[in-house]
Amino acid sequence: MMFFLFLFVTISLDVAVSQDDCLVSSSCSHQGPLIRFPFRLKGQPDRCGYPGFELSCTEKNETILELPHSVKVLVKNISYESHEMMVQDPEKCLPRQLQNLSLAASPFNFKLSNQWEALYDFTFFNCSSKKREMSYVDPIPCLSLPDYPVYAVMSTAGIRDVDLSSCQKMYNISAVPYPVSELSKGFSLNWSSEICRNCEESMKCKLKSNSKEPETECIGEPATGAGKKVVTAGPIIGFFLLLVAVSVL
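Numbering-wise, our numbering comes out as the position in the sequence shown, counting from 1, plus 14.
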């Protein structure tokens, strides 16, 4: 009988701990952003985060988000209340990665500063050192060489606005804020407020169990360490000791 009691407690503890694993907040460093649902750290069960919200830690304990397709950015800050985060290119040259970026395939969007700001399409050109003073053109210092400056030309620019003589087309990018060069300093991404809607003021949220589509539900405050596991496991251990005492009698 003791064996079955031990087996019962072991299984119960495993279930309790596995359920609590998703409620424990984490981070890559003491200075790094707090990581909790809808985000999860790589290596945690999929159920601990919303699809597309996986983060990882670098060898330098920096927080990394990988966007489609293979675009990696450092996560500097996460605001769960306003559903946004501040990110930065690791090399401080985001235009180099923009040709691979596809936010349409991710749960994130560029956060615009105001209602008048918009997203634009650009074409990148590698030009000679000929001096140019043109409208709708954004020089990209981190891609340029002394004699070969690189420009991001807005797709809405007319032929009269742009002098592209002695320039060679590099690639196109779609739906990014202007000016492109400023993105290297850092930029904000946001996600749908429908994820964990109405939970952030007083409660947190998690994925619903046994749901075919990703759905969330509100829960109590998450733990910040192992203490939550002890609280959950305590009643189970007490029940086990009670059964042992009864069996001895």
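Every residue gets a Cβ at the ideal spot worked out from N, C-alpha and C, and that includes glycine.
Please state whether the Cβ-Cβ distance between residue i and residue j is less than 7 Å.
i      : j      : result
GLU68  : LYS56  : yes
ASN140 : MET168 : no
ASN204 : LYS125 : yes
ILE49  : SER40  : yes
ASP103 : SER198 : yes
ASP152 : VAL101 : no
ALA189 : LEU108 : no
Can you tell me which of the options puts its alpha carbon nearest to the alpha carbon of residue i?
i      : options                       : result
GLU65  : VAL89, LYS226, PRO109         : Reading off the sequence, residue 65 comes out as Pro, not Glu. Selected option, being the one with the closest Cα: LYS226.
GLU196 : SER143, GLU229, ARG54, ARG110 : ARG110
GLN129 : SER116, VAL151, PRO191        : PRO191
ASN186 : ASP175, GLY200, THR170        : THR170
ALA119 : LEU81, PRO153, MET99          : LEU81
VAL176 : ALA132, HIS97, ASN224, TYR150 : TYR150
Which residues in the same chain have their Cβ closer than 6 Å to the Cβ of residue i, if we skip the five residues on either side of it in sequence?
i      : result
GLY46  : THR77
GLN182 : ASN140
ARG61  : LEU221
GLY241 : Any reading at GLY241 must be qualified, since the residue scores a pLDDT of 33, below 50, and its modelled position is unreliable; the value itself is stated next. Once the five neighbours on either side are set aside, GLY241 has no close Cβ partner at all.
Excluding sequence positions up to five away, which residues of its chain have a Cβ less than 8 Å from the Cβ of residue i?
i      : result
LEU178 : PHE139, CYS141, VAL167
ASN123 : LEU117, LEU203, ASN204, TRP205
With respect to 6 Å, is the separation between the Cβ of residue i and the closest non-hydrogen atom of the ligand HEM below this value?
i      : result
ASP177 : Absent from the structure shown: the ligand HEM. Ligands present: none.
Provide the residue span of the alpha helix (DSSP H) that contains residue i, from first to last.
i      : result
GLN102 : Looking at the DSSP string, GLN102 is not in any alpha helix (DSSP H); the run it does join, the beta strand (DSSP E), is 98-102.
LEU203 : Not the alpha helix (DSSP H): LEU203 falls in the beta strand (DSSP E), residues 201-205.
So, for residue i: in the same chain, excluding its five sequence neighbours on each side, which residues have a beta-carbon less than 7 Å away from its beta-carbon?
i      : result
ILE233 : MET217, LYS218, CYS219, LYS220
In terms of residue numbering, what span does the beta strand (DSSP E) encompassing residue i cover?
i      : result
LEU81  : 77-81
LEU221 : 218-221
LEU69  : 68-71
Jot down the residue ranges of each uninterrupted beta strand (DSSP E) in the stretch 125-182, minimum 3 residues, whole runs only, in chain order.
-> Segments of the beta strand (DSSP E) lying fully in the stretch 125-182: 133-141, 151-153, 164-168.
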